[in-house]
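See below:
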């Protein structure tokens, strides 16, 4: 009988401008938005697996397996409204479950998970569930072999076709098998062997770029040593079914064990590969090769990232340091996350008093709002204002005091005339910036008030119609 140990785990659900934080622990799980200090979703039941993703309307789709065995699917709106559907009950007493993936694509929803074989624990069966707009369907993608966890990834190309990449070990070599799900006819192709690697692969990571170029990375132990090597395969056009994979130059070799994980992210056209062995090493593309950018040794916690940006949907393993909220190497990734501002702290636009970072004389106002209007496209508004200014009230009083002192002594103290005059433009510029900041802040707050009123009206209208009738028909 499999024994499940629920380890606290964090997930970041990202798009180009915002993110959600999904935290799972032994008591359940919580979901928070980067734009609000309040809980958006909370489940007070133990969860074995959970995965979430943002859709184009900034709404969150969740799939999770409860400790009771129930497989559930939830949609959470940005207003906090939510609905949950139970898709079935799984046999958690005799099987293990891993690698839960979720792909909402308009009215079509795809869900994947792997389950262990009843009598062969190293064999994993991959299941695909999808909502076709009317009912849930299921399909079996085949089996893969791995002693710890199932090695498979799912990628979505620009034509809404799904590509399943499955790595299995045959005893002397590892084989990459692929299958394609036609997004128009809802049919899976036959599995094909596309790569053969003459050693045991222990981990994989994959991503599809905005140009439909597929990248697969695998970690394999080098023969006769305790070191690991990362391989790299490329398919130029995933939606060109006659193209074949080719093996590129090795991004990294002779990485000292033990092997702990790897992940791949894309941001601003740059691929970032994380290799975690005895160090957490970040590599980035440079020309036709890979360059090690930074390496750290220390205590890290696992972090799952669900990235939906630049037309790419990507699930990947990542890390964060114990004392940080954001992803490891966030400053080099170009993601909309700053480790200095964890999402459990209210953003500055929700505070009644302006906040100041002592290390920076920069005040930021962020107010992204996204909502869904019945039978209309997504309405989106967001503003980001950043001005270099001083917001401390004591500093403001000091400026006025100096200004008053300067103007009052000008007629009687001509010796320091030049010095006094030279200081006036700087003070006037600061006052202009303060005035400009206050006017901009007032305008944004007024716009926010209008949008919130609109959201409340839309919520009242939408509540009159059944939730699943709106979303799944």
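Numbering (my numbering), first residue to last: 1 to 473.
Even glycine gets a Cβ: it sits at the ideal position worked out from N, Cα and C.
Check this for me: beta carbons of residue 235 and residue 216, under 9 Å apart or not? Position 235 of the chain shown, counted from the first residue, corresponds to residue 235. Position 216 of the chain shown, counted from the first residue, corresponds to residue 216. In this structure, residue 235 places its C-beta atom within 9 Å of the C-beta atom of residue 216.
Grouping DSSP H, G and I as helix and E and B as strand, with all else coil, what is residue 303? Here residue 303 is taken as the residue at index 303 of the chain shown, counted from 1. Here residue 303 sits in strand by DSSP.
Can you give the Cα-Cα distance for residue 477 and residue 211, rounded to whole angstroms? Nothing in the structure corresponds to residue 477, since the chain is present only between 1 and 473.
Alpha carbon to alpha carbon, how far is residue 344 from residue 193? Walking along the chain shown from the start, residue 344 turns up at place 344. Walking along the chain shown from the start, residue 193 turns up at place 193. Confidence at residue 344 is low in this model, with a pLDDT of 36, below 50, so the placement of that residue should be treated as unreliable; the coordinate-derived value is given next. Roughly 46 Å between the two C-alpha positions.
Mind checking if residue 12 is an interface residue toward chain D, Cβ cutoff 9 Å exclusive? Given the protein chain composition of this structure (a single chain), no chain D is represented.
Checking the sheet assignment: what are the DSSP bridge partners for residue 188? For this step, residue 188 is matched to residue 188 along the chain shown. Residue 188 is bridged to 181.
Which class does residue 249 belong to by DSSP, given the choice of helix, strand or coil? Counted from its first residue, the chain shown places residue 249 at position 249. Under the three-state reduction of DSSP output, residue 249 falls in the coil class, being neither helix nor strand.
Can you tell me the Cα-Cα spacing of residue 384 and residue 76, whole angstroms? The residue you call residue 384 lines up with position 384 of the chain shown. The residue you call residue 76 lines up with position 76 of the chain shown. For residue 384, the predicted structure reports a pLDDT of 27, less than 50, and the residue's modelled location is therefore unreliable. The matter cannot be settled from this model.
Across the stretch 133-146 and the stretch 89-100, are there enough close Cβ pairs to call them in contact, namely three or more that are closer than 8 Å? No: the two stretches stay apart, fewer than three of their Cβ pairs being nearer than 8 Å.
Going by Cα to Cα distance, which pick from 239, 308, 83 and 121 is closest to residue 102? The residue labelled residue 102 in the question sits at position 102 within the chain shown. Answer by Cα proximity: 308.
Thinking C-beta only, is residue 284 closer than 9 Å to residue 271? Taking the first residue of the chain shown as 1, we reach residue 271 at position 271. Taking the first residue of the chain shown as 1, we reach residue 284 at position 284. Yes, these two residues count as a Cβ contact at 9 Å.
Mind the definition here: the stretch 148-157 touches the stretch 131-140 only if three or more C-beta pairs lie below 8 Å; say whether that holds. no
Endpoints, the beta strand (DSSP E) within which residue 57 is located: One-based indexing of the chain shown puts residue 57 at position 57. Per DSSP, residue 57 belongs to no beta strand (DSSP E) and is neither H nor E.
Taking all protein chains shown into account, decide if residue 261 is buried (16 or more other Cβ within 10 angstroms of its Cβ) or exposed. Locating residue 261 in the chain shown gives position 261, where the first residue counts as 1. So residue 261 counts as buried.
Less than 9 Å between the beta carbons of residue 250 and residue 276, yes or no? The residue labelled residue 250 in the question sits at position 250 within the chain shown. The residue labelled residue 276 in the question sits at position 276 within the chain shown. No; because the gap between Cβ atoms is not below 9 Å, this pair is not in contact.
Buried versus exposed call for residue 37 [16 or more other C-beta atoms within 10 Å across all chains shown]: Position 37 of the chain shown, counted from the start, is the residue given in the question as residue 37. So residue 37 ends up on the exposed side.
Mind checking who residue 109 pairs with in its DSSP beta bridge? As a first step, residue 109 must be located in the chain shown, where it is residue number 109. 104 and 131.
I need the straight-line Cα distance from residue 122 to residue 44, nearest angstrom please. For the purposes of this step, residue 122 is taken as residue 122 along the chain shown, with counting starting at 1. For the purposes of this step, residue 44 is taken as residue 44 along the chain shown, with counting starting at 1. C-alpha separation (whole angstroms): 32 Å.
With distances taken from CA atoms, which of 253, 298, 111 and 127 is nearest residue 117? The residue labelled residue 117 in the question sits at position 117 within the chain shown. If we check each option's Cα against that of residue 117, 127 comes out closest.
For residue 151, which three-state DSSP category applies? Numbered from its first residue, the chain shown carries residue 151 at position 151. Residue state, collapsed to three classes: coil.
Return the bridge partner residues of residue 284 from the DSSP annotation. Position 284 of the chain shown, counting from 1, holds the residue named residue 284. Paired residues: 272 and 291.
Straight-line gap, residue 11 to residue 31 (C-alpha atoms, nearest Å): As a working mapping, residue 11 is identified with position 11 in the chain shown. As a working mapping, residue 31 is identified with position 31 in the chain shown. If you take the alpha carbons of residue 11 and residue 31, they lie about 9 Å apart.
Residue 376 in three-state terms, based on DSSP: Taking the chain shown and counting its residues from 1, one reaches residue 376 at position 376. Bear in mind that a pLDDT of 28 at residue 376, under 50, signals an unreliable position, so the number given afterwards is only what the model happens to contain. Coil, per DSSP.
Confirm, please, whether the CB-CB distance from residue 334 to residue 242 is below 9 Å. Position 242 of the chain shown, counting from 1, holds the residue named residue 242. Position 334 of the chain shown, counting from 1, holds the residue named residue 334. Against a cut-off of 9 Å, the Cβ pair of residue 334 and residue 242 comes out as no contact.
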